[in-house]
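Structure record follows, encoded as structure tokens.
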Amino acid sequence: MDLILIAFLVFMVAIVGARMINDHANKQLDTEKRAALFDLFSKGRIFMYIALAGIIVIFLVSLKFELLDPMITFLIYAALLFVYVVITNYIAWKRLKSNDYPASYIRSYIISSVIRIVGIVVFLALMMMV
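Residue 814 is where the sequence shown starts when you use the working numbering, and the numbers rise one by one after that.
Okay, structure coming up:
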């Protein structure tokens with residue numbers, strides 16, 4: 814099987830698995846807490862999208878204008894993407910804790926986040942082997 818296909822499948826399984834865990838945890842919340850999730854995460858969402866767009870633009874500009882070796886560019890991109898995911902998950906965890914969400918929900922959120930991060934890391938590692 815092609816390495817790119819394996820990387821994509823691992824990534825998709827991780828994302829879908831994390832989403833299923835998150836959906837199950839959401840169903841365990843009462844209606845008020847579930848409704849508050851939207852407001853809780855809408856604050857600052859635009860800044861997260863801007864940061865992610867910035868990472869992608871830096872990656873593409875570096876590749877297009879050959880500012881660095883493509884492998885170094887990819888490694889920097891992968892590292893920045895990993896840091897972005899960790900920081901956004903840490904911020905989300907702090908918001909959930911400070912707004913008194915149940916420990917079981919926070920635990921499910923952390924598990925789904927770890928699965929997503931592992932999926933991203935495996936995907937990027939396999940893509941570097943291509």
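Using N, Cα and C, we set each Cβ at its ideal position, and we do this for glycine too.
Remember, predicted model here, so these are calculated numbers, not experimental data.
query, result
"Beta-carbon separation (whole angstroms), Leu853 vs Arg908, contact threshold 8 angstroms", "6 angstroms"
"9 angstroms Cβ cutoff met for Phe824 and Phe936", "yes"
"Met942 in three-state terms, based on DSSP", "coil"
"For Gln841 and Val874, the rounded distance between their alpha carbons", "44 angstroms"
"Cβ-based neighbour list, Ile933, same chain, cut-off 8 angstroms, excluding 5 preceding and 5 following", "Phe824, Ala827, Leu894, Phe895 and Val898"
"Opening and closing residue of the alpha helix (DSSP H) in which Phe854 lies", "Thr844 to Ser855"
"Distance between beta carbons of Ser921 and Asn835, contact taken as under 8 angstroms", "7 angstroms"
"Met814 in three-state terms, based on DSSP", "coil"
"Where the alpha helix (DSSP H) containing Asn902 begins and where it ends", "Pro883 to Ser911"
"For Ala916 and Ala849, the rounded distance between their alpha carbons", "16 angstroms"
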